[in-house]
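I have placed the structure first, in the form of structure tokens, so that the comments after it can refer back to it.
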Amino acid sequence: MAATRDALLVHGLGETPVYFVPRRDVYTEHLVETGTGPGLGGREMKFWSVTASGGGLENAVWMFLMPEGETEPLLDHFGFDPNPFNITVD
Numbered sequence: 047m048a049a050t051r052d053a054l055l056v057h058g059l060g061e062t063p064v065y066f067v068p069r070r071d072v073y074t075e076h077l078v079e080t081g082t083g084p085g086l087g088g089r090e091m092k093f094w095s096v097t098a099s100g101g102g103l104e105n106a107v108w109m110f111l112m113p114e115g116e117t118e119p120l121l122d123h124f125g126f127d128p129n130p131f132n133i134t135v136d
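Each residue of the sequence shown is one higher than the one before, starting from 47 at the first, in the numbering used here.
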């Protein structure tokens, strides 16, 4: 899904910390935009589902549309739901 040296690990958005990866480092060919709506903290977000030959994960990836304040560093970063993904950090 992604390979980066610039991921941001964000605590406090939910029960599990979330990795945010710069857009340039995400392989978007497996993402299908599913819409926008309120997300974490009531902020407007865009959502994507992950598609694969064996099925998919609905709304498992997201991005803040207009991050501000403490979320401003997340501009143009995809957030990944930590539960269905195998995230490896070196």
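Note that beta-carbon positions come from the ideal geometry of N, C-alpha and C, so glycine has one too.
For residue i: DSSP bridge partner residues
{"i": "Pro84", "result": "Glu90"}
{"i": "Met109", "result": "Lys92"}
{"i": "Glu79", "result": "Trp94"}
{"i": "Pro68", "result": "His123"}
{"i": "Ala48", "result": "Val72"}
C-beta contact flag for residue i and residue j at 8 angstroms
{"i": "Val64", "j": "Ala48", "result": "no"}
{"i": "Leu54", "j": "Leu111", "result": "no"}
{"i": "Arg51", "j": "Phe124", "result": "no"}
{"i": "Trp108", "j": "Phe131", "result": "no"}
Best match in the options for proximity to residue i [C-alpha to C-alpha]
{"i": "Glu118", "options": "Arg89, His76, Thr80, Thr82", "result": "Arg89"}
{"i": "Asn129", "options": "Gly81, Thr62, Phe66, Val78", "result": "Thr62"}
{"i": "Tyr97", "options": "Gly83, Glu75, Gly115", "result": "Strictly speaking, residue 97 in this sequence is Thr, with Tyr absent from that position. The residue with the shortest Cα to Cα distance from Thr97 is Glu75."}
Where residue i sits in the DSSP three-state scheme
{"i": "Leu121", "result": "coil"}
{"i": "Gly58", "result": "coil"}
{"i": "Glu104", "result": "strand"}
{"i": "Glu147", "result": "For the chain, the structure presents residues 47 to 136; residue 147 sits outside this window and is missing."}
Proximity test, residue i beta-carbon vs the ligand ZN heavy atom, cut-off 7 angstroms
{"i": "Leu121", "result": "With respect to the ligand ZN, the structure offers nothing, as it holds no ligand at all."}
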